[in-house]
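To convert, note that position 93 of the sequence shown is 82 in my numbering; the numbers rise steadily by one, no gaps. We put the CB at the ideal spot given by N, CA and C, even for glycine.
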Amino acid sequence: GVACIAGKPYAQALDRAGLVGNYNALTIGSDGLGFIAYTNSSTLELKAGHCNDLACTSLSSTVLGSGNNASVTVGPDGLPLIPFSNGGLKVAHCSNLACSSATISVVDATPNAGQLSAIAIGTDGLGLISYYDVATQGLKVAHCSDALCSAAVVSSIDVSTHTFGHTSIAVGTDGLGIVSYMDSTNNKLKVAHCSNPTCTSATITTIAEAAA
């Protein structure tokens, strides 16, 4: 089992190289071990960390390049897929389970796009990414065109208000994406339900409003 001290889970530093751990995202790889995408804020580098055991007592980490605001999932090919921001929205497709190397593609070249991303795998087996675009202050969704996400169909879903805060995305039983996000101008939680698998449009619903 996972090591415990005084009945509590034991936590330890896995990477001390700079200010690391911001905007981290975790998934379980196809090998059953943890996989973490995270940022070194000191160097503005995107890192991939592959746990060496089930308890993740140590980590094999690789610098994939410049970037921040990463999210991660595992594609149908069993390899991690990592959206991140570096000028625009980019996606790293790992070449192996440990992600010691990756193919990186520009998905949305809009400056400062790709912030606060989330990713899910659609019923078509392709990545579906929600993210914040600083230029439009709105919510965008990118539907990957292939397993590597070397290209994508990019759609502006909500540009009417200042969308800020981490987005979250999942695929419903209808096979369509659903995205939760914050309208910070009006202090509201919103949900966008994609109208089609590529999410070129969506029905937007206000779920909650912060108390005055």
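Range of the contiguous beta strand (DSSP E) that encloses residue i
i      : result
Leu22  : Unbroken run through Leu22: none, as it is neither H nor E.
Gln104 : Ala102 to Ile110
Cys138 : Neither: Cys138 is in no beta strand (DSSP E) and is coded neither H nor E.
Ser169 : Gly166 to Asp172
Tyr157 : First, the amino acid is wrong: residue 157 is Ser here, not Tyr. Note, Ser157: beta strand (DSSP E), Ser157 to Val160.
Ile180 : Per the sequence shown, the amino acid found at residue 180 is Val instead of Ile. Counting along the chain, the beta strand (DSSP E) containing Val180 begins and ends at Lys177 to Cys183.
Cys40  : Glu34 to Cys40
Residues near residue i in its chain [Cβ-Cβ closer than 8 Å; skip 5 each side]
i      : result
Ser134 : Leu115, Ala140, Ala141 and Val142
Ile167 : Ile158, Ala159, Val160, Gly161, Val180, Ala181, His182 and Cys183
Residue burial classification, residue i (beta-carbon count within 10 angstroms, cutoff 16)
i      : result
Thr194 : exposed
Asp163 : exposed
Asn29  : buried
Tyr170 : buried
Ser254 : One cannot answer for residue 254 here, as it falls past the ends of the chain, which runs -10 to 201.
Asn185 : exposed
Ser90  : exposed
Ser74  : buried
Ala14  : buried
Distance between residue j and residue i (C-alpha atoms, nearest Å)
i       : j      : result
Leu117  : Cys183 : 11 Å
Tyr12   : Val61  : 11 Å
Thr207  : Thr99  : Here the chain covers residues -10 to 201 and nothing more, so residue 207 does not appear.
Ala26   : Asp42  : 17 Å
Val(-9) : Phe24  : Note that Val(-9) scores a pLDDT of 47, beneath 50, so its modelled location is shaky; the value from the coordinates is reported in the next line. Cα to Cα, Val(-9) sits roughly 17 Å from Phe24.
Leu70   : Gly64  : 6 Å
Ala107  : Ser84  : 21 Å
Thr192  : Leu178 : 14 Å
Ile110  : Ser31  : 31 Å
Ala(-5) : Ala44  : Since pLDDT at Ala(-5) reaches only 49, below the 50 mark, its modelled position is unreliable, and the value read off the structure follows with that caveat. Approximately 17 Å, taken between the alpha carbons.
Below-8 Å beta-carbon distance, residue i vs any chain C residue
i      : result
Asn176 : Note that chain C does not occur in the displayed structure, where there is just one protein chain.
Other residues of its chain near residue i: CB distance less than 6 Å, five sequence neighbours each side excluded
i      : result
Val80  : Pro72, Ser94, Val96 and Cys138
Val130 : Ser119, Ser144, Ile146 and Cys188
Ala102 : Gly77, Leu78 and Asp122
Ala87  : His39 and Ser49
Same chain only: Cβ atoms within 7 Å of residue i, ignoring 5 sequence neighbours per side
i      : result
Leu105 : Asn58, Tyr120, Tyr121, Gly154, His155 and Thr156
Would you mind listing the beta strand (DSSP E) stretches within the segment 43 to 130 that are 3+ residues and don't spill past its ends, in chain order? 48 to 55, 69 to 75, 77 to 83, 91 to 97, 102 to 110 and 116 to 122
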